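Residue numbers for the sequence shown follow our numbering, so the first one is 137 and each next one is one higher.
Don't be surprised by glycine CBs; every beta carbon is placed ideally from N, CA and C.
On a predicted model such as this, the values are computed, not experimentally measured, just so you know.
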Amino acid sequence: MNQSREFDIIIWGASGFTGRLVTLYLFEKYGTTGDLKWAMGGRNLTKLEKVRSEVADKNVPLIIADSNDKVSLLNMVNRTKVICTTVGPYAKYGSNLVEACIKSHIHYCDLAGEVQWMHKMIDRHHEEAKINGSKIVHACGFDSIPSDMGVYFIQREARAKRGIIAQKIKMRVAAISGGISGGTYASLSQVIEEAQKDKMVYKILDNPYALNPINEQFGKDKSDLKNVIFDNVSHSWIGPFIMASINTKVVRRSNFLSSYSYGKKFRYDEAVSFGKGFSGRIKGIISTIIIGLFMSAKYGSLFKKGLDLLFPISGEGPTKKKMEQGFYNLRFYITLEDGSNAFANVTGDMDPGYGSSSKMLAESAVCLAKDKLSNTSGVLTPSVAMGDSLLKRLEKNAGLTFSYK
Ligand SMILES: NC(=O)c1ccc[n+]([C@@H]2O[C@H](COP(=O)([O-])OP(=O)(O)OC[C@H]3O[C@@H](n4cnc5c(N)ncnc54)[C@H](OP(=O)(O)O)[C@@H]3O)[C@@H](O)[C@H]2O)c1
137 MNQSREFDII IWGASGFTGR LVTLYLFEKY GTTGDLKWAM GGRNLTKLEK VRSEVADKNV
197 PLIIADSNDK VSLLNMVNRT KVICTTVGPY AKYGSNLVEA CIKSHIHYCD LAGEVQWMHK
257 MIDRHHEEAK INGSKIVHAC GFDSIPSDMG VYFIQREARA KRGIIAQKIK MRVAAISGGI
317 SGGTYASLSQ VIEEAQKDKM VYKILDNPYA LNPINEQFGK DKSDLKNVIF DNVSHSWIGP
377 FIMASINTKV VRRSNFLSSY SYGKKFRYDE AVSFGKGFSG RIKGIISTII IGLFMSAKYG
437 SLFKKGLDLL FPISGEGPTK KKMEQGFYNL RFYITLEDGS NAFANVTGDM DPGYGSSSKM
497 LAESAVCLAK DKLSNTSGVL TPSVAMGDSL LKRLEKNAGL TFSYK
């Protein structure tokens, strides 16, 4: 990577709901006069100036680039070591930026959870990014850092404590509280629309190993849970977790990219835990019906138009209070290679999508810019790109905890 750049990081999309939170975090945590050189980027100068006056100060430079203007993107990326982007839906606005970052031999991180687009970026750019030394890291938010780094942490602990690896891990969402932004709703809608229009996209979403190369899709994991069942591992009713279709694929890609450091027989799944008894079952059924309705809303239908009215628009999201009161608690039930069991927990101190995701993304960007990382490059996962360095940052700065018993 070219070390003599004007900036360490440019936050592109700083005028959006999540970009603004990332900006606020970097300003409060790293300031503008220290070791970290960073700037805000976007397509609209007036909007950027407004956000800067609200969450930072005039020492933060502003850079203009539009996703449809390749020259402006290249001019922007040539000034920095890392691009941290919150311009989404990524399938709509992200492809030219990834291309520009690789051309400029720099690193990149985002909050993408759009599997069909990540699949496309891997297909198009993994080999070129490898040659150019670029780390292109998708999914640096709630999807999929707690899952990906959680599994990475479990394998590290199992090896250190017992000298063996975990062969099977079941992640159960034990508690979660937060809201949704306009950008996230638009991104989810984008994925569903593409899957409804194109069978190949649906196949990618349904393929547990979709983010691995075709000849590396031999594992035994099936597609994610789609109904409510009683889970003997967590002793509770479980149902579909909407982020599982992203997280599980990212974890499996990490295994592939790390030369199967979790083993070729490794198995992983995710679900939401709704508790024991009749009430747990009913909660699970209601949640599954809601997800089902959302997923089946046909693009352009009256029902979808009605749904759109219920969700925030671009630039809007949960209130500060809701983000501060938010949290998550993820439980990992582990079967080790020798058949013995272990247990791990990952928690976050704010709402998953915004308070916590903005800190995870910002720390990923700082990690890529400042930490001594391995030379691995390509279209990577958070754990493969940043490993122990990111784990340290998440625990020290981003309010995550990782524990293993
Ligand atoms: N994985 C996770 O855990 C997670 C969590 C949070 C968010 N996200 C994802 O992050 C993304 C952003 O969400 P959000 O709610 O922050 O969205 P948002 O408020 O709508 O912000 C979108 C940003 O993109 C910019 N933009 C739109 N079109 C552009 C273009 N042609 N060129 C340059 N910039 C453009 C907007 O600029 P203007 O202000 O000028 O319109 C704005 O800054 C979404 O894809 C969402 O799914 C993921």
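Item to complete: Name, in chain order, the residues that DSSP records as bridge partners for asparagine 481.
Response: Arg467, Ser539
Item to complete: For leucine 198, collect the residues of the same chain with a Cβ closer than 8 Å to its Cβ; drop the 5 residues on either side in sequence, then sort them by chain order.
Response: Ala175, Met176, Gly177, Gly178, Leu181, Leu184, Glu185, Arg188
Discussion item. Quick check: serine 500 and alanine 322, are their CB atoms within less than 9 Å of each other?
Written reply: The beta carbons of serine 500 and alanine 322 sit no closer together than 9 Å.
Practice prompt. With cysteine 220 as the anchor, note down where its beta strand (DSSP E) starts and where it stops.
Written response: 216–221
Item to complete: Would you identify the three-state DSSP class for arginine 298, choosing helix, strand or coil?
Response: Three-state result, arginine 298: helix.
Fill in: Beta-carbon proximity of leucine 497 to glycine 277, cut-off 9 Å
yes
Worksheet item: How many Å lie between isoleucine 382 and glutamate 235 at the Cα?
Response: Straight-line spacing of the CA atoms in isoleucine 382 and glutamate 235 works out to 22 Å.
Discussion item. When you compare the segment 477–495 with the segment 511–523, are there three or more beta-carbon pairs, one atom per stretch, that lie closer than 8 Å?
Written reply: no
Practice prompt. Work out the CA separation of valine 158 and asparagine 533 for me, nearest whole Å.
Written response: 13 Å
Worksheet item: On the three-pair Cβ rule with 8 Å, is the segment 441–456 touching the segment 311–322?
Response: Yes, they touch.
Item to complete: Count the other CB atoms, across all protein chains shown, that sit within 10 Å of the CB of arginine 295; report buried if there are 16 or more and exposed otherwise.
Response: exposed
Practice prompt. Spell out whether any CB of chain B is found under 9 Å from the CB atom of arginine 179.
Written response: Looking at the structure shown, chain B is missing, and only one protein chain is on hand.
Item to complete: Alpha carbon to alpha carbon, how far is glycine 315 from serine 432? Give it in angstroms, no decimals.
Response: 21 Å
Discussion item. Given the structure, does tyrosine 490 come close to ligand 1, in the sense that its CB is under 8 Å from one of the ligand's heavy atoms?
Written reply: yes
Worksheet item: If you draw a straight line from the alpha carbon of aspartate 342 to that of valine 386, how long is it in whole angstroms?
Response: 14 Å
Worksheet item: What's the gap between the Cα of serine 409 and the Cα of serine 313?
Response: 14 Å
Worksheet item: ligand 1 heavy atoms versus the CB of glutamate 568: any closer than 8 Å?
Response: The requested residue 568 is not part of the displayed model; the chain covers only 137 to 541.
Worksheet item: Mind checking threonine 537: buried by the 16 CB within 10 Å criterion, or exposed?
Response: exposed
Worksheet item: Is serine 423 helix, strand or coil when you go by DSSP?
Response: Of the three classes helix, strand and coil, the one that applies to serine 423 here is helix, per DSSP.
Worksheet entry | Span separating the alpha-carbon of lysine 506 from that of phenylalanine 468 | 31 Å
Fill in: Range of the contiguous beta strand (DSSP E) that encloses histidine 243
243–246
Discussion item. For the structure I just gave you, are there three or more beta carbon pairs, one from the segment 285–305 and one from the segment 252–271, closer than 8 Å?
Written reply: no
Item to complete: Classify aspartate 360 as buried or exposed, calling it buried when 16 or more other Cβ atoms lie within 10 Å of its own Cβ.
Response: buried
Worksheet item: With C-beta atoms as the reference, is leucine 504 less than 9 Å away from histidine 274?
Response: no
Worksheet entry | Alpha-carbon spacing of alanine 201 relative to leucine 172, whole angstroms | About 22 Å.
Practice prompt. Would you list the one or two residues that DSSP bridges to methionine 307?
Written response: Glu406, Phe468
Discussion item. Could you check if aspartate 202 belongs to the surroundings of ligand 1, using beta carbon to heavy atom distance under 8 Å?
Written reply: yes
Discussion item. Measuring only from the beta carbon, is lysine 541 closer than 8 Å to any heavy atom that is part of ligand 1?
Written reply: Checking the 8 Å criterion, the Cβ of lysine 541 is out of range of every heavy atom belonging to ligand 1.
Worksheet item: Beta carbon of tyrosine 229: closer than 8 Å to some heavy atom of ligand 1?
Response: yes
Worksheet item: Is there contact between the segment 451–461 and the segment 424–441, where contact requires at least three CB pairs shorter than 8 Å?
Response: These segments do not touch.
Worksheet item: Does the beta carbon of proline 518 fall short of 8 Å from some heavy atom of ligand 1?
Response: No; taking the cut-off as 8 Å, the Cβ of proline 518 has no heavy atom of ligand 1 nearer than that.
Worksheet entry | Close-in-space but distant-in-sequence residues of the same chain around serine 539 (CB under 7 Å, 5 per side omitted) | Ala480, Asn481
Discussion item. Report the CB separation of serine 270 from cysteine 237 in whole angstroms; it is logged as a contact under 8 Å.
Written reply: Separation of the CB atoms of serine 270 and cysteine 237 is rounded to 6 Å, and the pair is thereby assigned contact status at 8 Å.
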